[in-house]
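Written below as structure tokens is the structure these notes are about.
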Amino acid sequence: MWGVAAFAYAVAVVNRSSLASLGPAAQEHFSIDATVLASFAVIQLIVYAAMQIPVGVLLDRFGSTALILTGGLLMMVGQVAMATVHDVSLAVLARILVGAGDACTFISVIRMLPEWFAVRQLPMLGQLTGLIGQAGQLVSVTPLAIAVDTFGWTSGFLGVAAVALLVVLLGSVVLRDHPGMGSVVERMTGRLGKVSRGAVCLGVSDSTAVPAAVGTPATEMMPSVKAERPRPPGLGFWSKVRRLLSLPGVRLAYWVHFVTPFPVNTFVLLWGTPFLMGGLGMTQAEAGAMLSLLIATGMAS
24 MWGVAAFAYA VAVVNRSSLA SLGPAAQEHF SIDATVLASF AVIQLIVYAA
74 MQIPVGVLLD RFGSTALILT GGLLMMVGQV AMATVHDVSL AVLARILVGA
124 GDACTFISVI RMLPEWFAVR QLPMLGQLTG LIGQAGQLVS VTPLAIAVDT
174 FGWTSGFLGV AAVALLVVLL GSVVLRDHPG MGSVVERMTG RLGKVSRGAV
224 CLGVSDSTAV PAAVGTPATE MMPSVKAERP RPPGLGFWSK VRRLLSLPGV
274 RLAYWVHFVT PFPVNTFVLL WGTPFLMGGL GMTQAEAGAM LSLLIATGMA
324 S
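Laid out in structure tokens, this is it:
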């Protein structure tokens, strides 16, 4: 289950950074300059950031599996559009879909982990999930660039869309929000398989761990669309958001995540390949190797 969820996140990262080493190819395909090319990544990341709170609210209501599958479908449609359109405005719309689908994935994968694993295992699993996601960034830097160079723009991006579809298919069969819940296919057919009937949380037998929740997590301050109305004063959505932001640990986590990825994302997602090839005269292979080295260094650290 976790393997499929982590694979879904890796595919989301491939979709997020699919233009990382294809700057010159994208400029030629759409007949655009570097400014318009940068807007593709900027708009995509703005959508990704803006969707985080709405996705969190939807996650409380519909669960991890539904959000992961929705994200896969959005990314698939976006990459099919990216492969087939030539109009810049339609390409921007395609990147918006990719950004929205990407936003659905990581938080859903992390939300699923406490339902299946002991609390003491969660930090390591969270880090492993992040590392697998960075491996997806490596795929987008070199193998995807080679595929586009060999088979063409359309075939390369249709291949990315096919992998996103694979995530949807695998997720429909394998993913379950918590033990005892059937997969999407099982719920559609009305029959629970042996895996679903026998599934247990790996943390239940761990005497040192708090048993994983089989429902809404015990985070009273997290905004939820499930809250009953009328609500007592101070329990509304924005009240809960303000209470969360009042916690120093939440603010610290925000600024750490805001500052540390900034230089790498600016270089890898925006200007890396055009600068290395156009400014420093590197070949496509050399530029890809430099970006891969940057990503691999981040993974190792």
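When the letters of the sequence shown are read in order and numbered with this note's numbering, they come out as residues 24 to 324.
Just so you know, even glycine gets a beta-carbon here, dropped at the ideal spot from N, CA and C.
Since the structure is predicted, the reported quantities are computational estimates derived from the model, not experimental observations.
- The Cβ-Cβ distance between Met98 and Gly124 falls below 9 Å.
- About 14 Å separates the beta carbon of Gln50 from that of Asp172, a gap too long to meet the 8 Å contact definition.
- Relative to the Cα of Ile130, the nearest Cα in the group Arg266, Tyr32 and Pro271 belongs to Tyr32.
- In the three-state reduction of the DSSP assignment, Pro166 falls in the helix class, which pools H, G and I.
- For Phe30, the uninterrupted alpha helix (DSSP H) run begins and ends at Trp25 to Arg39, by DSSP.
- Counting along the chain, Thr107 sits inside the alpha helix (DSSP H) bounded by residues Ser87 to Thr107.
- Exposed is the label assigned to Asp56, since fewer than 16 other Cβ atoms lie within 10 Å of its Cβ.
- Between Ser54 and Val183 a beta carbon distance of about 22 Å is seen, past the 8 Å cut, so the two are scored as non-contacting.
- Gly26 is the residue among Pro166, Gly26, Arg39 and Ser178 whose C-alpha sits nearest the C-alpha of Leu151.
- Ser44 places its beta carbon 9 Å or farther from that of Leu181.
- The DSSP-derived three-state label of Pro202 is coil.
- Judged by DSSP in its simplified three-state form, Leu42 adopts coil rather than helix or strand.
- Taking C-alpha positions only, Gly259 is separated from Leu267 by approximately 12 Å.
- Using a C-beta cut-off of 8 Å, the stretch 66-74 makes no contact with the stretch 157-166, since fewer than three inter-stretch Cβ pairs fall below that distance.
- When the five nearest sequence neighbours on each side are left out, the beta carbons in the same chain lying within less than 7 Å of the beta carbon of Ala187 are those of Val34, Asn38, Gly95, Met98, Met99 and Gln102, in order along the chain.
- At the C-beta level, Trp294 and Pro202 stay beyond 9 Å of one another.
- For Phe129, the enclosing alpha helix (DSSP H) has its first and last residue at Phe129 to Trp139.
- Scanning Phe85, Val36 and Val80 for the CA closest to the CA of Leu68 turns up Val36.
- Annotated three-state conformation of Pro47 is helix, per DSSP.
- Taking Leu136 as the centre and dropping the five residues before and after it, the same chain places the C-beta of Leu145 and Leu148 closer than 6 Å to its C-beta, in chain order.
- For Ile55, there is no enclosing alpha helix (DSSP H), as DSSP marks it with neither H nor E.
- For Leu193, the uninterrupted alpha helix (DSSP H) run begins and ends at Trp176 to Val197, by DSSP.
- Judged by DSSP in its simplified three-state form, Thr289 adopts helix.
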